[in-house]
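K.L.:
Structure below; questions to follow.
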Amino acid sequence: SANALFGAAIMAAFVIGTVPLFFGVGWLTSILGDNFRAKFLKIAAVAVIYLGITSMNGALVAWGSPFSLPSIQIDLSGNSTYQAQIIQNPTIDILSTGYYPNYIKVKKGKTVNLTLKSTNAFSCASAFRIPSLKISKNLQPNDTQLISFVPTQVGKIQFSCSMGMYRGIIEVI
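Written out as structure tokens, the structure is:
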């Protein structure tokens, strides 16, 4: 929403809208008996664990931790048939749904001029972060900003939104 009051109103509407659902689920589990309740609680426990893992992973990505699920996933998928071209002046399009492209190859020791182009981005994607380089840019919904840096090590540099939801990789070769 890009507005604190509007965001609070959205959250209030969400809470008010979900209250009947949760009361209904509680009422249903109480009237359907112990057998159903035991199965439901197991399913609910798995769902809560999954949500906890994904929430903690988002925080790890936002902090730039090397121990996040995307870093493990990227290491396991190293045999990908997708080959990005080496571009020292890439442009990342920032939309409300993420970053395009979200995988870029650059050369070590050469200046990278990364252009961030936001187009109607009304999500956390407009809060662009490269934690390992201590780079942080907040873009307006329709904005363009330039980031320049020189990668000094071969490897993968993760970038993400401020929440860790939208992410990508800059591979230095």
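Final position of the sequence shown in my numbering is 297; the numbers increase by one with none missing. Think of the CB as a built atom: it goes at the ideal place given N, C-alpha and C, for glycine as much as any other residue.
Can you grab the Cα-Cα spacing for the pair I302 / F160, in whole Å?
P.N.:
Because the chain here runs from 125 to 297, residue 302 falls outside it and cannot be looked at.
K.L.:
DSSP on L156, reduced to helix/strand/coil?
P.N.:
Numbered from its first residue, the sequence shown carries residue 156 at position 32. Of the three classes helix, strand and coil, the one that applies to L156 here is coil, per DSSP.
K.L.:
Among residues of its own chain, excluding the 5 on either side of K231, which ones have a beta-carbon nearer than 7 Å to its beta-carbon?
P.N.:
Your numbering for residue 231 matches position 107 in the sequence shown. Counting only Cβ-Cβ distances below 7 Å, and skipping sequence neighbours, we find I210, Q212 and I297.
K.L.:
Taking 8 Å as the cut-off, does the stretch 215-222 touch the stretch 238-252 (at least 3 CB pairs, one atom from each stretch)?
P.N.:
As far as the Cβ criterion goes, the stretch 238-252 touches the stretch 215-222, which means the pair count is three or higher.
K.L.:
Indicate the three-state DSSP secondary structure (helix, strand or coil) for V77 in the structure shown.
P.N.:
A query on residue 77 cannot be resolved here, the shown segment of the chain reaching from 125 to 297 and no further.
K.L.:
Since N262 contacts A251 with CB under 8 Å, what's their CB separation in whole angstroms?
P.N.:
Along the sequence shown, read from residue 1 onward, the residue named residue 262 stands at position 138. Along the sequence shown, read from residue 1 onward, the residue named residue 251 stands at position 127. Correct: roughly 5 Å between the Cβ atoms.
K.L.:
Our contact map puts G292 next to A183 with C-beta atoms below 8 Å; I'd like the distance itself, whole angstroms only.
P.N.:
In the sequence shown, counting from the first residue as 1, residue 292 sits at position 168. In the sequence shown, counting from the first residue as 1, residue 183 sits at position 59. Incorrect: roughly 18 Å between the Cβ atoms, too far for contact.
K.L.:
Going straight from the alpha carbon of V236 to that of S272, what length do you get?
P.N.:
Position 112 of the sequence shown, counting from 1, holds the residue named residue 236. Position 148 of the sequence shown, counting from 1, holds the residue named residue 272. Rounded to the nearest angstrom, the two C-alpha atoms are 5 Å apart.
K.L.:
Assuming contact is defined by CB atoms lying nearer than 8 Å, are A249 and K229 in contact in what I supplied?
P.N.:
Position 125 of the sequence shown, counted from the start, is the residue given in the question as residue 249. Position 105 of the sequence shown, counted from the start, is the residue given in the question as residue 229. No, these two residues do not count as a Cβ contact at 8 Å.
K.L.:
Got a sec? Which residues, its chain only, sit under 6 Å from V274 by beta carbon, not counting five neighbours each side?
P.N.:
What you label residue 274 is simply residue 150 of the sequence shown in a count that begins at 1. For V274, where only same-chain residues beyond five positions count, the Cβ hits under 6 Å are T235.
K.L.:
DSSP on T268, reduced to helix/strand/coil?
P.N.:
Numbered from its first residue, the sequence shown carries residue 268 at position 144. Correct three-state label for T268: strand.
K.L.:
Alpha carbon to alpha carbon, what distance is there between A132 and S179?
P.N.:
Here residue 179 refers to the residue found at position 55 of the sequence shown. Here residue 132 refers to the residue found at position 8 of the sequence shown. The straight-line gap from Cα to Cα measures roughly 20 Å.
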